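In full-length UniProt numbering, the protein residues as written are 1 to 973.
By construction, the Cβ of each residue, glycine as well, lies at the ideal position given by its N, Cα and C atoms.
These figures come from a predicted structure and were not determined experimentally.
Written below as structure tokens is the structure these notes are about.
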Ligand code: IPT
């Protein structure tokens, strides 16, 4: 094996060995290596593409993917693996190009093979390697011959290496990254490292050239900077100043093309000038503090798995930029090398993580953890060496990370020492170093908001996780990052804005990385051909972790979830503060001013635009503010008046078109308009039979038709289809009386029967122009109940419904919602859409409200729900004022929501299924055929939290059982 080196763009000849290979899969590793021989007859073998994972090819013919989070899918018997070890044999021919005869060496490179492989060329054994997401190069000079050659590769799914590659993802064996043959010229350039620095407008290049003396003279050229530096011998190579340059930052990723040419080879490196440093508890680039608005990014694709597709990756990164993401942690291994080129180019702060995780040792009390076992030291050092050497040239990489969830131990410390010696220009991160014994930044995952705040604060007596007071004090001298936070599984997370507020209050806190960017669903289909995205268990795995792999801000099919919109709004780089006639614009960025932005304003009356234009905003430097006069806004007497200010891109960028909205804010300019109080009525008397009140028809006190359509309800609805966070048991719970550590809220809701409420009607009464029912709603085997008084009345010729709910004493949990449910049978013209004035366009919940703006929106019923991989609560639009249910674009029912006595407005959801139906389905295809629409108007909803892996909903956003009133006006059309 050749020493690790940079993945370089070189003009030396190379030959891609990607494409169809002959393939045979065996159920065990104990096989003769007969196939390595050149003469072996592989004509009976199948054909498999390289790169690919065999379990994703051939429609199940080569086994299936396995998903586990922490668990090892084989016995914990390190370093051994079972005899049942799927083993793939690969063969292909290649013709050695004629002009390669002059090459000094021929090198065979594998960019990624999971998990252990051996290589033969023309029957000669070349070597083997493990380190699935790392690059390995073999010298095959002595084995190749002119003309036809045969390369044979044997890949084992399981190996000793599997114990240190226990990341939370699918196990996907195979040759899944490129295979390339390189002709290495005599006098070639083996490796180049162009370290850069930036200070006071000037750049510096500190080169390291690895080449035989015969390569010299070697010339470094940076044409744009007029640099042409000739080194006549290795001893001449020395740092140089680059003169006046533009720095590289994630916001303005200015790159310069450098070439390094020797006697026989030219390599091209795109360099960016920047200096990374830690000063006290600040993490600085070019002397300025960095705030990470980051994502944990796995390599995952529903069809290709971890096989890299540059176009898709570029589109994915462009999507990140459009959603104000400025940083990537390459969880939990180096990505395809081209990803870093894209990150340099588009602009991201990257934490580049080594391929290392031994999480499964948690199950055995970390006994035998390789991280502290001398037998593994060399393997650990090999991993970090390959990681750093391959990617060292990238300006986007501002930190190295040793790995993830590998406990702690001497081998990790040795990795850190190696990095410190090799690269003095970038700090070392590893979250598992809780006490900060060998790393440079303090890092945590899933710390709650109060805990994060304590970390940011000095003099706090609060102990830090795993630290003595003295160790905690040491950690507080360092920059802090949340390497994972805001677990984005299913509907959620909540509280993104609270974390962001802390970053601005406590400069030691440098932001963090959301867990995680994408769902890892695998595209598959049911027996009857219905497509869906599979998660753990869908392939019949023996042990698996279910849908824990569906925890992205982007769904498997690239659709951004509402949480990503929330993230975008929370971390937007500008903050707007309004007064009566000005808006103060604060530029929160690292270093970019606002010159690439254009500012617009608009005024709306009840969501209808009445005025708008361009705001004249001076260029605001990073860290600066500007106070800008606002135009005069026409204020309506009988409608809400909202002013919206947007900052949009003035010109197209590599990642978004001109006009793309970067930041936005609203100011409520409405005049107060108190709602008419409910009119008291007397003379109530028992009622029976049928009754008509305006557009409503009743029988025995129950609604039968509204505006001529069959409708049933209102029925008290306290249940929501539990979100993954509702089902979560992890993290801190906010209040011991409402949530119970170790038991999910969803389990408590089911215990209390919120999903199976029954009704006893206690009275039906009428009076002139009104009908009133009182119900007692409760569940089997429960003594708890809710009183529901519903009053229908004609007010000013309009139908009003007022529902008052009041819980009995004794409810001890939080509630998912307090709503009323109307069922709208299809009856020929199904309700299939909504238009509303309220917040939108997407769903929002009490602790995820920042992306919700007030306006007028239209959506089809399908667009009102998010297709989470596991169906769950979705679609709540908060603070609705007016809602029109539509059928084929025509209004069928118009609902106006009046605020309650405290001015609170209800939200709504409109869906094809009930919460109970949704809760029973493990995948979208399991939802039953639907014959009705379901409108739920919620006086309140519970927050989202992050409890699938992290803290519960915090008290201000938690819904406690309480009395609420919903008041609606109903009209036809
Ligand atoms: C954390 C892991 O680092 C990450 O890979 C992922 O599994 C995440 O959890 C959950 O989705 S580890 C956990 C013990 C906090």
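Check	Outcome
CB of residue 967 within 9 Å of CB of residue 898, strictly	yes
Pairwise C-alpha distance: residue 914 and residue 816	14 Å
Residues that residue 89 bridges to, as DSSP identifies them	24, 154
Top-ranked residue by Cα proximity to residue 608, from 545, 641, 747	641
Inter-residue spacing [alpha-carbon to alpha-carbon] between residue 442 and residue 632	49 Å
Chain-order list of residues whose beta-carbon lies under 7 Å from that of residue 930 (same chain, five-residue window excluded)	912, 913
beta-carbon residue 355 near the ligand IPT non-hydrogen atom, thresh 8 Å	no
Residue 715 (DSSP reduced to helix, strand or coil)	strand
Given residue 871 as reference, the closest of 764, 726, 950 once Cα atoms are compared	726
For residue 164, three-class secondary structure by DSSP	helix
Per-residue burial, residue 530 [other beta carbons within 10 Å of its own, 16 or more giving buried]	exposed
Reference residue 953, options 494, 19, 206, closest by Cα	494
Rounded straight-line distance, which links the Cα of residue 510 to that of residue 467	20 Å
Any non-hydrogen atom of the ligand IPT within 8 Å of residue 308 CB	no
For residue 927 and residue 982, the rounded distance between their alpha carbons	An answer regarding residue 982 cannot be provided, because it is not within the stretch 1 to 973 covered by the chain.
Rounded separation between residue 428 and residue 184 - CA only	33 Å
Within 9 Å, strictly: CB atoms of residue 869 and residue 535	yes
Helix, strand or coil at residue 202 according to DSSP, with G and I counted as helix	strand
DSSP three-state assignment for residue 852, whether helix, strand or coil	coil
Residue range of the beta strand (DSSP E) that includes residue 479	Taken as a continuous stretch (DSSP letters only), residue 479 belongs to no beta strand (DSSP E), as it is neither H nor E.
Exposed unless 16 or more other CB atoms sit within 10 angstroms - verdict on residue 465	exposed
Buried versus exposed, by CB contacts within 10 Å (16 or more), residue 627	exposed
heavy atom of the ligand MG below 8 Å from residue 168 C-beta	The ligand MG is not among the ligands present in this structure, which contains only the ligand IPT.
Assigned exposure category for residue 698 - 16 Cβ within 10 Å defines buried	buried
beta-carbon residue 467 near the ligand IPT non-hydrogen atom, thresh 8 Å	no
Residue 867 - DSSP class collapsed to helix/strand/coil	coil
Any non-hydrogen atom of the ligand IPT within 8 Å of residue 171 CB	no
Reduced DSSP secondary structure (H/G/I, E/B, other) of residue 411	helix
Distance cut-off 8 Å: residue 69 Cβ against heavy atoms of the ligand IPT	yes
Paired residues, beta bridge with residue 518 - DSSP	554
Supposed close pair residue 976, residue 645 - CB separation, criterion 8 Å	The displayed coordinates of the chain run from 1 to 973. Any statement about residue 976 would go beyond what the structure contains.
Burial state of residue 182, where buried means 16 or more other Cβ atoms lie within 10 Å	buried
Distance CB(residue 73)-CB(residue 820) smaller than 9 Å	no
Between the CA atoms of residue 89 and residue 117 - distance to the nearest angstrom	10 Å
Exposed unless 16 or more other CB atoms sit within 10 angstroms - verdict on residue 548	buried
Exposure label - residue 230; buried when at least 16 CB within 10 Å	exposed
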